[in-house]
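Numbering (the numbering used here), first residue to last: 754 to 879.
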Amino acid sequence: MSQASAFSLIELLISMAILSVGLVGAMRVFPMGLRASLRAERHSRAALVAQRTIESLKLEPWEALTEGETTAEEDGFDVTTRISQPAPSDLEDKSRLKAIEVRLRFVQDGRPRELTFLTYVRQEPS
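So, in C-alpha cells, the structure goes:
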C-alpha cells in the first residue's frame, strides 16, 4: 500500500465524520419544523371553524341572534359562542349592533389552548 493512498483514506474518514456531524444536526431540525407545522395547521383549522361558525350566525335572521352563550364540539374543538350587546358606550344606536364572540378550546402538545375570535353584526336599516 502506498503512502498517498493511506493519506486519502484518512482524509475520507475525517470528511465522513464531519459529514455525519452535519447530518445529525440537520436531522434534529426536522422534528422541530414538523411540530411547528402541526401547530400552525391546528391554528388554521381553529380559524376555519370560527369563521364557519360566525358566517352561519350572520346568515340567521336578526331576531334569531338572541343574547346568550352556547357550547358545542366541532372538528375536535370545544366551541363556545356568545352573542351580546357591544361594549362601546359612544355608539348612537347600540340596539342595532351585536357582538359575536367565538372561543375555541383544544389541547396541543399536552397543554390546553384557547383562541378567541370577535366580530360585530349590524342590523340593516328598515
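Glycine included, every Cβ here is placed at the ideal spot set by N, Cα and C. These numbers were taken from a predicted model, which means no experiment stands behind them.
Our contact map puts residue i next to residue j with C-beta atoms below 8 Å; I'd like the distance itself, whole angstroms only.
i: Thr-823; j: Val-855; result: At roughly 10 Å, the Cβ-Cβ gap does not stay under 8 Å, so Thr-823 and Val-855 are not in contact.
i: Ala-789; j: Phe-830; result: 20 Å between Cβ atoms; not a contact.
i: Glu-816; j: Ile-836; result: With a Cβ gap of about 12 Å, Glu-816 and Ile-836 do not count as contacting.
i: Leu-812; j: Val-832; result: About 17 Å separates the two Cβ atoms, so there is no contact after all.
Using only the alpha-carbon positions, how far apart do residue i and residue j sit?
i: Lys-847; j: Glu-826; result: 31 Å
i: Tyr-873; j: Glu-808; result: 11 Å
i: Ile-853; j: Gln-861; result: 25 Å
i: Ile-767; j: Glu-867; result: 51 Å
i: Leu-791; j: Ser-879; result: 47 Å
i: Leu-772; j: Ala-779; result: 10 Å
i: Gly-775; j: Glu-794; result: 29 Å
For the beta strand (DSSP E) that contains residue i, what are its first and last residues?
i: Gln-861; result: 850 to 861
i: Ser-837; result: 830 to 837
i: Pro-865; result: 864 to 875
i: Glu-826; result: 821 to 827
Should residue i be counted as a contact of the ligand SAM given a C-beta to heavy atom distance under 7 Å?
i: Ser-773; result: Because no ligand of any kind appears in the structure shown, any question about the ligand SAM cannot be addressed here.
Could you tell me which of the options sits nearest to residue i, measuring between CA atoms?
i: Leu-850; options: Leu-801, Leu-818, Val-832; result: Leu-818
i: Gln-838; options: Leu-871, Ile-771, Val-832; result: Leu-871
i: Thr-834; options: Leu-787, Glu-794, Glu-764, Thr-869; result: Thr-869
i: Asp-828; options: Ser-797, Ser-761, Met-785, Met-769; result: Ser-797
i: Glu-845; options: Arg-875, Met-785, Leu-857, Gly-863; result: Arg-875
i: Glu-877; options: Pro-814, Val-777, Leu-762; result: Pro-814
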